[in-house]
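Numbering-wise, the numbering used here puts 524 at position 404 of the sequence shown, and it's gapless, one number per residue. Cβ atoms here follow ideal geometry from the backbone N, Cα and C, with glycine treated the same way. Note that the structure is a prediction, hence the values are computed from the model and not measured.
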Amino acid sequence: MADAADGRTLQECVEGYLFSGLPPRLLILRRPPGRGGFWVPVSGKVEPTDASLEAALRRELAEEAGFADPVRVVPLDWVVEFDPPDGGRRMRLHGFGVETDGEKPPTLSSEHDAFEWVDPEVALARLHYPDNREAVRILLRAIGETGPPRARPGDPGSAARRGAPRAKVLPRFDEELFAAVRSAGHRKIALQVPAGLVRNAHDRAAELRAATGVPVVVVSRACFGACDFPAPEEVPGVDALVVLGHSPIPNVPLWATTYFVEMRYPPGDVERLAERIARAGLPKRVGLVASVQHLDLVAPLTRALAPRGISLVVGTGDRRLAYPAQALGCNYTGAEAIAGDVDAFLFLGTGTFHPIGLAFAVDRPVHAFDPLRGEMSAPIDRAKLIADRLRLVARTMDAKRFGILVSSFAGQERAGMASALIERARRQGREAEILIAARLDPRDLEGRDLDAYVNTACPRIALDDSSLYPRPVLTPPEFLMAIGEVPLTDYRFDTFH
Ligand code: SF4
121 MADAADGRTL
131 QECVEGYLFS
141 GLPPRLLILR
151 RPPGRGGFWV
161 PVSGKVEPTD
171 ASLEAALRRE
181 LAEEAGFADP
191 VRVVPLDWVV
201 EFDPPDGGRR
211 MRLHGFGVET
221 DGEKPPTLSS
231 EHDAFEWVDP
241 EVALARLHYP
251 DNREAVRILL
261 RAIGETGPPR
271 ARPGDPGSAA
281 RRGAPRAKVL
291 PRFDEELFAA
301 VRSAGHRKIA
311 LQVPAGLVRN
321 AHDRAAELRA
331 ATGVPVVVVS
341 RACFGACDFP
351 APEEVPGVDA
361 LVVLGHSPIP
371 NVPLWATTYF
381 VEMRYPPGDV
391 ERLAERIARA
401 GLPKRVGLVA
411 SVQHLDLVAP
421 LTRALAPRGI
431 SLVVGTGDRR
441 LAYPAQALGC
451 NYTGAEAIAG
461 DVDAFLFLGT
471 GTFHPIGLAF
481 AVDRPVHAFD
491 PLRGEMSAPI
501 DRAKLIADRL
511 RLVARTMDAK
521 RFGILVSSFA
531 GQERAGMASA
541 LIERARRQGR
551 EAEILIAARL
561 DPRDLEGRDL
571 DAYVNTACPR
581 IALDDSSLYP
591 RPVLTPPEFL
601 MAIGEVPLTD
611 YRFDTFH
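In structure tokens form, the structure reads like this:
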């Protein structure tokens, strides 16, 4: 115990930022919904019996995470004081980096309900308190790692080595981005935006150029996801990319420093939004999925809906998703992980793209709420979606010659799957041939002597754009139905892992 400048007694506390490896990965812990449901480091109060701050830290590490034997403890020389929300004694936090021997799973106490080992970028995006994020930045500097993450070891084309291109995640297109670009000293930047932001692309480019002094070229091809950023040959001379509207896909390798500007919305009037959602008559346990723009609404909305009788549940997906509750149009593994625990899903975002994908992926009613308009849409008709697809499958059951479509985009390439599909086709007495392109164009498939296509690129091409193509376009699971390897009763979404 010590005295604050105003004479009040201070409660000393310690925080441990666990990391492993170089470049480092960090351990973050999630508090249960009743305690905020957000991500934090290991932390705790210094007890009178603790001989020192480090002794207190080591005790907390053992109690909160089951780590008794760290490789080293790095004092961060980082101290912050604050008044707790419950009005208790003023706190003084002391931060430490704690290196562990590998990414071991912690033994969780009742103070946390989940953990993840994540890249620094993800930790910086998820940690709830600004002080925690600042401590991570200090830790990265202390251990000589000023830049964020890399693909994970074992990922295709892993960039898990010092000096590999990094993803840098920014919430908004603002001074934080400009400062990061200025300090990196890039030669030339390519700016890519999704179709919905094309109108402002040139204003954004001018703003970026003026704020950083770095030449900026605009990529004319809009991006659909963080899977189809430009290849080096599309943007000669460029040594960094700025991609708007998307989060990184952790297992997609990068060839240049890439700034993912997620264009996040602040949560807004959460009580008003919760009231509107509560009026929609949702069941008691609801799985929550959000577009990256609305992820900051997840925790406050969960808190606001609990007293209204709705318990929101969030799932953590596979390595294609950077955040819990997040969805990509090709990956709803976070929702799939909790589908058995909920009676319906609620999607936070705009448009029908994600609600439709979610309805394909999970056998639960899917409701969509647009936080910007404060409007709830009618549930998606999953039965009709699947019936339409099964009709298309039925039309291709007699097809003899298939074209297997492969994309060369870093985040859409499934050439290995395409080869496996050719084998399966041959086993069933059909012919199949690979057609490869970066972005698929229906016009390129005109006039070919092929009966149908199987798309291994973005799964949504088959599901959403099939009518643009001259022949039926199936997903790989649908193809296995068409050639008789999988029963028609076993419809599966084509998840891109
Ligand atoms: S593969 Fe398709 S759905 Fe998935 S991230 Fe890329 S564009 Fe989006």
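Length of the line joining the Cα atoms of residue i and residue j
| i | j | result |
| --- | --- | --- |
| A582 | P314 | 20 angstroms |
| L297 | E382 | 11 angstroms |
| I148 | D239 | 10 angstroms |
| L492 | F344 | 21 angstroms |
| D330 | E295 | Position check: residue 330 holds Ala in this sequence, whereas Asp was assumed. Straight-line Cα distance between these residues: approximately 12 angstroms. |
| V515 | Y452 | The sequence shown places Arg at residue 515, not Val. Roughly 28 angstroms separates the two Cα atoms. |
| P144 | E236 | 13 angstroms |
| P350 | E174 | 48 angstroms |
| L408 | A498 | 16 angstroms |
| L228 | P153 | 15 angstroms |
| G357 | K165 | 52 angstroms |
| R384 | S230 | 31 angstroms |
| E254 | E183 | 25 angstroms |
| T576 | A457 | 23 angstroms |
| S140 | A304 | 25 angstroms |
| D584 | R502 | 14 angstroms |
| R511 | T615 | 21 angstroms |
| R580 | E533 | 14 angstroms |
| P485 | E180 | 43 angstroms |
| R506 | S586 | Here residue 506 is Ile; the residue named in the question, Arg, does not match the sequence. Those two C-alpha atoms are separated by around 14 angstroms. |
| A552 | A545 | 6 angstroms |
| K177 | C450 | According to the sequence as given, residue 177 is Leu; it is not Lys. Roughly 42 angstroms between the two C-alpha positions. |
Collapsed DSSP secondary structure at residue i in the structure displayed
| i | result |
| --- | --- |
| A605 | In the sequence as presented, Ala is not what sits at residue 605; that position holds Glu. E605: coil per DSSP, three-state reduction. |
| N371 | coil |
| Q413 | helix |
| A426 | helix |
| Y611 | coil |
| V355 | coil |
| V134 | strand |
| L146 | strand |
| S587 | helix |
| K165 | strand |
| F616 | coil |
| I500 | coil |
| H322 | helix |
| F235 | strand |
Within 8 angstroms, strictly: CB atoms of residue i and residue j
| i | j | result |
| --- | --- | --- |
| L290 | A300 | yes |
| S527 | L560 | yes |
| A572 | F613 | no |
| H248 | F158 | yes |
| G222 | E135 | no |
| L374 | P285 | yes |
| V256 | A243 | yes |
| G207 | Y137 | no |
| L364 | L317 | yes |
| V412 | V434 | no |
Cβ-heavy atom distance, residue i to the ligand GDP, below 7 angstroms
| i | result |
| --- | --- |
| R178 | In the structure on display, the ligand GDP does not appear, and the ligands it does have are the ligand SF4. |
Whether or not the stretch 455-463 and the stretch 396-407 are in contact is what I'm after, with contact meaning three or more pairs of Cβ atoms, one per stretch, closer than 8 angstroms; do they touch? Of all C-beta pairs linking the stretch 396-407 to the stretch 455-463, three or more are shorter than 8 angstroms, placing the two stretches in contact.
Between the stretch 593-601 and the stretch 563-580, are three or more C-beta pairs nearer than 8 angstroms?
Yes: the two stretches touch, three or more of their Cβ pairs being nearer than 8 angstroms.
Exercise. When the Cβ atoms of the stretch 385-401 are set against those of the stretch 417-424, are three or more pairs found closer than 8 angstroms?
Worked result: Flag = yes, the stretch 385-401 and the stretch 417-424 touch.
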